[in-house]
Each structure stands twice: as structure tokens, then as C-alpha cells.
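Okay, structure first, notes after.
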Amino acid sequence: MLQTPKGLRLQIALLGRVNAGKSSFLNLVTGQHVSITSEIAGTTTDVVEKAQELLTLGPVLWLDTAGFGDDTALSAERLQKTRLVLDRADVAVLVLDGNQFGAPEEEILSEIKKRSLPLLKVYNKADLYPDLPSDGLAVNALNLQSRHQVLTALTAALLKICPDSFLTPLPLLGDLAPKGGLVVMIVPIDYEAPKGRLILPQVQAIRDCLDHHQNVLVVQEDTYLNALKNLKKEPDLVVCDSQVVKQMVEKTPPSVPCTTFSILMARLKGDLLKMSEGAGAIWTLKDGDKVLIAESCTHHAIEDDIGTVKIPNLLRLKTGKNLQIDHVSGCDFAKNLSDYKLVIQCGGCTQNRREILSRIHQSLSQGVPITNYGVCLAALNGVLERVLAPFPEILERYQKLKK
252 MLQTPKGLRL QIALLGRVNA GKSSFLNLVT GQHVSITSEI AGTTTDVVEK AQELLTLGPV
312 LWLDTAGFGD DTALSAERLQ KTRLVLDRAD VAVLVLDGNQ FGAPEEEILS EIKKRSLPLL
372 KVYNKADLYP DLPSDGLAVN ALNLQSRHQV LTALTAALLK ICPDSFLTPL PLLGDLAPKG
432 GLVVMIVPID YEAPKGRLIL PQVQAIRDCL DHHQNVLVVQ EDTYLNALKN LKKEPDLVVC
492 DSQVVKQMVE KTPPSVPCTT FSILMARLKG DLLKMSEGAG AIWTLKDGDK VLIAESCTHH
552 AIEDDIGTVK IPNLLRLKTG KNLQIDHVSG CDFAKNLSDY KLVIQCGGCT QNRREILSRI
612 HQSLSQGVPI TNYGVCLAAL NGVLERVLAP FPEILERYQK LKK
């Protein structure tokens with residue numbers, strides 16, 4: 252479980268005023284010296300991430316943030332990063348300095364309320380403040396002997412407030428084929444494929460099929476047609492890398508449902524309908540329009556990279572327009588979204604659902620359509636409706652919106 256990707260972990264933001272004891276609390280629950288602690292205000296200057304396995308709850312990712320009420324020179328920048336963390340957090344844990352409640356806590360609660368985050372209050376320094384409210388956990392983060400007791404109470408509290416989507420996650424593709432059915436996956440082995448490994452969406456798709464007791468046949472694009480001919484019956488589903496979507500559709504019988512890994516990720520992590528609708532904005536682009544391409548991870552882009560090379564080239568080719576294309580990567584996301592006519596988000600395999608939904612919300616709230624790599628490439632190749640066919644409700648709604 253320690254190898255669980257960040258995007259599949261419950262992400263918990265630790266918030267509080269400076270010196271409330273957030274880092275000490277993190278060190279206590281993890282049983283490790285993860286964050287530096289001191290009485291000097293502003294000791295935590297950047298977000299500290301720590302993965303942990305909580306018994307019965309599962310894999311989590313702690314996000315230790317800079318404290319509110321910091322009056323040091325770089326406080327504004329630190330708190331801006333803290334606010335960005337809230338856009339991807341599933342749960343907020345407010346660590347209070349005993350019973351102190353003032354402007355920092357009010358500001359924190361306001362930020363939490365804006366995002367409708369589940370909240371857990373932790374009253375630290377319980378040894379100094381005996382009469383603490385009963386609406387949270389009372390702890391002494393410096394008492395290392397209390398770790399087991401704190402972990403038990405903490406896990407129980409998180410189970411009560413964490414989102415249902417975490418406790419009962421959607422399948423990636425297991426619901427698209429019957430038990431015992433056959434799923435064919437077309438996996439190109441190109442320069443971007445990590446040596447000796449597959450990329451994360453492909454691994455997750457294979458595991459999801461196995462979890463649903465389905466059979467998987469993995470082929471490359473140049474052996475796909477021959478593999479189909481050798482099958483005694485048609486597969487129940489075909490999934491391909493977005494870069495070969497056109498070739499897949501051309502070779503796949505009309506009776507066989509097919510889609511792409513990136514479209515599966517759009518359904519799992521975000522809103523497939525909104526991203527399909529956003530792809531329609533491709534055909535409204537004009538000369539000089541700005542397009543933002545957002546890559547969630549910070550991989551080393553190769554010469555023929557999909558986000559920095561292939562999609563921009565195909566956009567300009569298919570639209571015939573002279574477009575200005577900007578790129579962001581990692582947790583960065585443009586603040587001036589209203590300057591853009593379209594946002595193209597990657598599959599988001601390293602991000603959790605909340606962060607992708609947050610990006611969709613930010614874009615649409617500023618009137619900017621958003622799509623993702625797989626949906627975009629399917630639209631540019633004229634096969635979007637074909638690869639939406641495995642999702643009949645979404646396809647029907649998309650066709651109505653299109654009309």
C-alpha cells in the first residue's frame with residue numbers, strides 16, 4: 252500500500268495558525284520526524300507531503316502547510332501555496348493551539364467553507380488546556396506515548412467525514428465488460444514508455460480488470476489486427492493509447508465498444524461530459540487565440556511529447572489557425588484563465604479527483620471550456636462519438652448538446 256500513487260490516496264491538509272503544532276501532530280501520527288518543529292514562527296515554509304497507511308481507512312497523503320498568521324517576509328507566498336493545497340485536499344484537519352480561536356482560524360474556516368471540504372478539528376496542547384471543546388480530538392502532539400490512542404481516534408473520525416467517493420471508488424473500466432469477459436489493450440512502446448514498465452493509467456487499467464475478474468490481452472498497435480483475427484470471438488472492450496486512437500477505430504469492428512485510457516481517466520477523475528463538451532470549443536478557435544495545456548506530472552518531455560508537441564501540432568493542423576499555446580506542469584495552474592479560449596488537461600493519473608474537478612470548476616467559472624488529452628485527440632481525429640460509445644448516457648447527452 253505504500254506504493255499507492257498519490258492520486259489514489261485520501262489527501263489530508265493540515266492547517267492552523269503558526270506554532271499551533273501541525274508539524275508535531277504529523278510527526279506523532281506518522282511515528283517519524285517528517286517535519287521540522289520549533290517555536291520560531293514560520294518554520295514550515297513549504298508544503299510537506301507524507302504518505303501513510305491508516306488501518307481500516309487505507310492509504311492517505313498528509314499535506315503539512317505553512318501556518319496562518321505568519322508575519323514574515325515570505326508569508327504571502329507561503330499562504331498562497333497553502334490555499335492551492337486546499338484545491339486538491341479531500342479532507343481538512345484544523346490544528347488549534349488549545350482553545351485559541353481568532354482571525355487565523357476564521358480565515359482558515361472561510362477557505363475550507365469555500366471548497367465544501369469535510370473538516371476535523373484537532374485541539375493540540377491538551378495538557379495545557381484541560382477544558383477543551385468536545386467537537387474534535389484533544390491531543391498532546393509532544394506525548395509520543397499517546398500515538399496508538401490518537402491514531403485510533405483519528406482514523407475513526409476520518410472514516411466519519413471522508414468523502415463517499417473514497418470509500419467506494421468508481422471502477423476505471425471494470426463495469427464496461429462482463430465478468431470473465433475479454434478486454435484488449437493497445438499499448439504502444441515508444442520513447443515515452445518507461446523502460447521495463449508501463450505508464451500508470453495502463454497499469455491501473457490492467458489491475459482494475461483483474462479486480463473485476465476479467466481477462467486482459469495486451470498488444471502493440473502493429474500487432475492489434477492480427478490479435479483480433481486470432482480470437483475465437485470479438486472482445487468485450489478495446490482500450491488504446493490516445494495517440495493511436497484513429498488507427499484503433501479504423502481496425503475495430505463497429506460492434507465492438509472501444510475507448511482510450513485518457514477518456515477512462517476523464518470519467519474516473521473528472522467530468523467526462525464537461526470535457527467532451529469542452530472539445531467542441533476546438534472548432535471555434537480563431538487566429539491568435541490562447542490555449543492552455545496542463546500536464547499534471549513533471550516528466551522529462553521527449554522530442555515527440557504528446558502535450559508539448561503532438562497536440563499543439565495537430566491543433567494547428569486541424570483548425571488551420573495560428574494559435575498561442577502555453578504550458579503548465581505539476582500542481583501549477585494558470586491564475587489568468589480568462590485569457591484562454593480552451594484548457595486541455597492531461598489524464599491526471601497523478602492527481603486525485605478533487606483536484607481535477609477543481610480545475611474544471613475554475614475553468615468553467617471563468618467561461619473557459621476544458622477538455623483532456625484523450626477527448627481532444629479523439630475530437631481532432633473525428634472519432635469522439637465512437638470512443639464515447641461505451642458510455643451510452645454520456646454519449647446521448649453529448650449528442651443532444653452537440654445539436
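Quick note on numbering: the sequence shown equals residues 252 to 654 in the working numbering.
Glycine included, each C-beta is placed from N, C-alpha and C at the ideal position.
Residue range of the beta strand (DSSP E) that includes residue 485: What you label residue 485 is simply residue 234 of the sequence shown in a count that begins at 1. From DSSP, residue 485 is part of no beta strand (DSSP E); its letter is neither H nor E.
Three-way DSSP call (helix, strand, coil) for residue 293 in this model: Locating residue 293 in the sequence shown gives position 42, counting from the first residue. Confidence at residue 293 is low in this model, with a pLDDT of 48, below 50, so the placement of that residue should be treated as unreliable; the coordinate-derived value is given next. Coil.
Where do the ends of the beta strand (DSSP E) carrying residue 241 lie? Absent from the model: residue 241. The displayed extent of the chain is 252 to 654, so no value can be given.
What does a CB cutoff of less than 8 angstroms around residue 308 pick up in its chain, not counting 5 residues either side in sequence? Mapped onto the sequence shown, residue 308 falls at position 57. When the five nearest sequence neighbours on each side are left out, the beta carbons in the same chain lying within less than 8 angstroms of the beta carbon of residue 308 are those of 261, 406, 409, 410, 413, in order along the chain.
Considering Cα atoms alone, identify which of 520, 479, 519, 518 is closest to residue 501. Within the sequence shown, numbered from 1, the residue matching residue 501 stands at position 250. If you compare the alpha carbons of 520, 479, 519, 518 with that of residue 501, the shortest gap goes to 479.
Could you tell me the alpha carbon to alpha carbon distance between residue 264 and residue 398, rounded to whole angstroms? Locating residue 264 in the sequence shown gives position 13, counting from the first residue. Locating residue 398 in the sequence shown gives position 147, counting from the first residue. Their backbone Cα atoms lie some 19 angstroms apart in a straight line.
Using the Cα positions of residue 614 and residue 446, report the straight-line distance between them to the nearest angstrom. Position 363 of the sequence shown, counted from the first residue, corresponds to residue 614. Position 195 of the sequence shown, counted from the first residue, corresponds to residue 446. One C-alpha to the other measures close to 35 angstroms.
Rounded distance between the beta-carbons of residue 578 and residue 557, thought under 8 angstroms: Numbered from its first residue, the sequence shown carries residue 557 at position 306. Numbered from its first residue, the sequence shown carries residue 578 at position 327. Not a contact, Cβ separation roughly 12 angstroms.
Pick helix, strand or coil for residue 459, following the three-state DSSP scheme. For the purposes of this step, residue 459 is identified with residue 208 of the sequence shown, where counting begins at 1. Three-state DSSP puts residue 459 in a helix.
Which first and last residues belong to the alpha helix (DSSP H) in which residue 527 is found? As a working note, residue 527 is residue 276 in the sequence shown. Where residue 527 is concerned, the enclosing alpha helix (DSSP H) stretches over 523-530.
Taking the alpha-carbon positions, what's the residue 640 to residue 508 distance? Residue mapping note: residue 640 aligns to position 389 of the sequence shown, counting from 1. Residue mapping note: residue 508 aligns to position 257 of the sequence shown, counting from 1. C-alpha separation (whole angstroms): 6 angstroms.
Please state if the CB of residue 517 and the CB of residue 635 are separated by a distance shorter than 8 angstroms. Here residue 635 refers to the residue found at position 384 when the sequence shown is read from its first residue. Here residue 517 refers to the residue found at position 266 when the sequence shown is read from its first residue. Residue 517 is positioned such that its CB atom lies no closer than 8 angstroms to that of residue 635.
By Cβ distance below 6 angstroms, which residues in the same chain neighbour residue 289 in space, the five residues on each side in sequence not counted? Within the sequence shown, residue 289 is the residue found at index 38, counting from 1. Bear in mind that the predicted position of residue 289 carries a pLDDT of just 48, short of 50, making it unreliable; the figure below should be weighed with that in mind. If we look at residue 289 and ignore the five residues flanking it on each side, it has no Cβ neighbours.
Does the Cβ of residue 282 have 16 or more other Cβ atoms within 10 Å, making it buried, or fewer, making it exposed? Indexing the sequence shown from 1 puts residue 282 at position 31. Burial is judged here by how many other beta carbons sit within 10 angstroms of a residue's own beta carbon; residue 282 has fewer than 16 and is exposed.
Which value, in whole angstroms, describes the spacing of the CA atoms of residue 599 and residue 304? The count along the sequence shown starts at 1 and reaches residue 599 at position 348. The count along the sequence shown starts at 1 and reaches residue 304 at position 53. Straight across, the Cα-Cα distance linking residue 599 with residue 304 is about 22 angstroms.
Would you say the stretch 266-276 touches the stretch 386-400, given that touching needs at least three Cβ pairs under 8 angstroms? Yes: at least three Cβ pairs fall under 8 angstroms.
If we count Cβ pairs, one from each stretch, closer than 8 angstroms, do we get three or more for the stretch 512-526 versus the stretch 562-570? Cβ pair count under 8 angstroms is below three, so no.
Can you tell me whether residue 384 is buried or exposed? The criterion is at least 16 other CB atoms within 10 Å of its CB, across all chains shown. Reading the sequence shown from its first residue, position 133 is the one you call residue 384. Residue 384 is exposed by the Cβ-count criterion.
Quick check on residue 291: buried or exposed, where buried means 16 or more other Cβ atoms within 10 Å of its Cβ? Numbered from its first residue, the sequence shown carries residue 291 at position 40. Any reading at residue 291 is ruled out, since the residue's pLDDT is 49, under 50, leaving its predicted position unreliable.
Rounded straight-line distance, which links the Cα of residue 528 to that of residue 648: Walking along the sequence shown from the start, residue 648 turns up at place 397. Walking along the sequence shown from the start, residue 528 turns up at place 277. Straight-line Cα distance between these residues: approximately 10 angstroms.
Pairwise C-alpha distance: residue 575 and residue 546: Residue 546 sits at position 295 when you count from the first residue of the sequence shown. Residue 575 sits at position 324 when you count from the first residue of the sequence shown. Roughly 17 angstroms separates the two Cα atoms.
Sequence-distant residues of its chain with Cβ nearer than 7 angstroms to residue 462 (five each side left out): Taking the sequence shown and counting its residues from 1, one reaches residue 462 at position 211. Within the same chain, residue 462 has close Cβ partners 425.
Can you tell me which of 605, 594, 489 puts its alpha carbon nearest to the alpha carbon of residue 415? Taking the first residue of the sequence shown as position 1, residue 415 is located at position 164. The shortest C-alpha separation from residue 415 is found at 605.
Sort 504, 335, 436 by Cα distance to residue 586 and report the nearest one. For the purposes of this step, residue 586 is taken as the residue at position 335 of the sequence shown. Residue 586 has its Cα closest to that of 335, out of 504, 335, 436.
Can you look up residue 396 in the DSSP assignment and give me helix, strand or coil? Translated into positions along the sequence shown, residue 396 becomes position 145. Helix, per DSSP.
Spatial neighbours of residue 333 within its chain, please: C-beta separation below 6 angstroms, excluding the five flanking residues on both sides. As a first step, residue 333 must be located in the sequence shown, where it is residue number 82. Around residue 333: 316, 317.
In three-state terms, what does DSSP make of residue 727? Because residue 727 is not part of the residues shown, which for the chain are 252 to 654, the question remains open.
So within the stretch 354-405, which uninterrupted beta strand (DSSP E) runs reach at least 3 residues, ignoring any that extend past its ends? With a minimum length of 3 residues, the continuous beta strand (DSSP E) runs that stay inside the stretch 354-405 are 370-375.
Only counting the same chain, and skipping five residues up and downstream in sequence, which positions put a Cβ closer than 6 angstroms to that of residue 433? What you label residue 433 is simply residue 182 of the sequence shown in a count that begins at 1. These residues qualify, in order along the chain: 466, 486, 487.
Is residue 536 near residue 572, with beta carbons less than 8 angstroms apart? Looking up residue 536 in the sequence shown gives position 285. Looking up residue 572 in the sequence shown gives position 321. It is a contact, given that the beta carbons lie within the stated cut-off.
Check whether the stretch 614-623 touches the stretch 365-375, counting contact only when three or more Cβ pairs, one atom from each stretch, lie closer than 8 angstroms. The stretch 614-623 vs the stretch 365-375: no contact.
Contact defined as beta carbons within less than 8 angstroms: I believe residue 668 pairs with residue 258. What is the distance between those atoms, to the nearest angstrom? The question about residue 668 has no answer, for the chain in this structure spans 252 to 654.
Straight-line Cα distance separating residue 481 from residue 503: Indexing the sequence shown from 1 puts residue 503 at position 252. Indexing the sequence shown from 1 puts residue 481 at position 230. If I take the Cα positions, the gap works out to 14 angstroms.
Would DSSP call residue 309 helix, strand or coil? To locate residue 309, count along the sequence shown from 1; it is residue 58. Here residue 309 sits in strand by DSSP.
Can you tell me which residues form a DSSP beta bridge with residue 344? Residue mapping note: residue 344 aligns to position 93 of the sequence shown, counting from 1. Residue 344 is bridged by DSSP to 265, 371.
Between residue 513 and residue 581, which are expected to be in contact by the criterion C-beta below 8 angstroms, what is the C-beta distance as a whole number of angstroms? One-based indexing of the sequence shown puts residue 513 at position 262. One-based indexing of the sequence shown puts residue 581 at position 330. Wrong, their Cβ atoms sit about 18 angstroms apart, outside the cutoff.
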